[in-house]
Every structure is written in structure tokens, then in C-alpha cells.
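*Asks:*
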Amino acid sequence: MAQSETPPSPDGTKRRDLLATGTLVLGCAGACALSVPFLNSLKNPAATPLSDNTLEVDLSTLTPGQNMTVQWRDWPIFIQRRTSQMLAALQGPAHIATLRDADSKILQQPKDATNWHRSVRPEYGVLVGICTHLGCVPTFEKPGSAPEAKGGYFCPCHGSHFDAAGRVVQRAPAPYNLPVPPVTFLSDTKIRIGHSAGDPGFSMSDIQQI
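Sequential numbering from 1 applies to the sequence shown in full-length UniProt numbering.
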């Protein structure tokens, strides 16, 4: 006759509970430790947070073809200064045919950015750097770094491609274009993120997905 198993002692149960709790705490601590350097890297000296949850950014050091990243509302914000070649590439018929939502019909931007360049001014693009697939942060593809690179963005997690206006290509895992935050130009070289002079009623809660 098989012997019955001895029930675990209360001390053994408590020990396992303590080990499980400790593992969970260490895992959370590790995730927090990894997130701190990433968030700190977004604290760009060109950006000045204001008390009304807006952010002023100095663009004077941004050269044509370059991209900078700042932090607004805990989101990475991509700011690029587009070259004439980048702008021409955005309007190419062959390129437009590869895009899922070339005309920005899905609400992922304010009204003053619902245009072919998805920005207030064509030469400057401002995008929320969160892939609309599963929330990874895409990387900037500097113009000319590869034959197909035209200043767009590539998500390293699952391979979604976005052009320089943040428009996603067809058959990519990401279902929507990158969101555009509300932006107001205070001068030729300074913007305020968080308020749109051209669409004052716009809210990030209005967009389809971030």
C-alpha cells in the first residue's frame, strides 16, 4: 500500500512564499533599474518642461537630416529636421502606394498636422516615438544610411517601418501611423509641445491609438 505524502510543513510553505515574493521584488527592481537610464536619456537639455504640462524645445542645434528625442508626458518624442530630399520622398507616388494610411484619414494627429507631411511646418516633423503595434520605441533611419533609408523609423521589435512623416507601410505589424502630438511654433527655432494653435481643442485622448 502506497504511503501517503507528508503534507508540507508550515515553515516550508512560508519559506517558499518568501522566496517567491523575493523573486518578484527583484524582478520589479530590475525592470525599474533598466527603465531609469532610458528615461534619463530623454532629458534633453534643449527641452524645458513647463507647469501646464507642456514642453518647450529649442530647435536651433538641429541640423537638416538630424533627429532628436525629448520626453513629454513620459513618452519619447521624435523631432526631425527634414531635408528637401526627405520632403520630396514623402510625396513620391511610388512611395505613397506602399503606405497603409497615406492621407492620414485615421485620427492620429491634430487637424493642423493632417497633411502630407503630418506636421505644422513641412521642414520639422514631431512624432510620438511609440510603435502602434505593441509599444516598442522605433529607431531613426538617418537619410542615406542605407539605400532604402529616407529618414524614416524602424521598429526593432517586430519590423514595422514608418516613413519620415510617421506613416506606416502596408503589411507591417503596426496598424496605425505614429501619433503626432499637439505642437505650436513660438518662433522659427522654438516649439511648444502639448498645445496646438491650429487645433486648440485637440487632446491625445482623441487619437485612435498610442
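Heads up, the beta-carbon is just placed ideally off N, CA and C, and yes, glycines get one too.
Being a predicted model, the structure only gives us computed values, none of them experimental.
Okay, do the segment 133-144 and the segment 99-112 touch, 3+ Cβ pairs below 8 Å being the bar?
*Replies:* Segments in contact, no.
*Asks:* Which complete beta strand (DSSP E) runs does the UniProt domain "Rieske" (91-192) hold, if anything under 3 residues is left out?
*Replies:* 124-128 and 183-187
*Asks:* Check the Cβ-Cβ distances between Ile-96 and every residue of chain D, and say whether any is below 9 Å.
*Replies:* Checking the listed chains, one finds no chain D in this structure; it contains a single protein chain.
*Asks:* Check this for me: beta carbons of Asp-199 and Leu-107, under 9 Å apart or not?
*Replies:* no
*Asks:* By how many angstroms is the C-alpha of Pro-93 removed from the C-alpha of Asn-44?
*Replies:* 36 Å
*Asks:* DSSP three-state label for Gln-85, please.
*Replies:* Looking at Gln-85 - three-state DSSP - the assignment turns out to be helix.
*Asks:* Note down, in chain order, each residue of its chain lying with its Cβ closer than 7 Å to the Cβ of Leu-50, except the 5 sequence neighbours on either side.
*Replies:* Glu-56
*Asks:* Taking Gln-91 as the reference, which of Asn-115, Ala-172 and Pro-64 has the closest Cα?
*Replies:* Asn-115
*Asks:* Could you name the residues of the same chain whose beta carbon sits closer than 6 Å to that of Val-137, not counting the 5 residues immediately before and after it, in chain order?
*Replies:* Pro-76 and Gly-129
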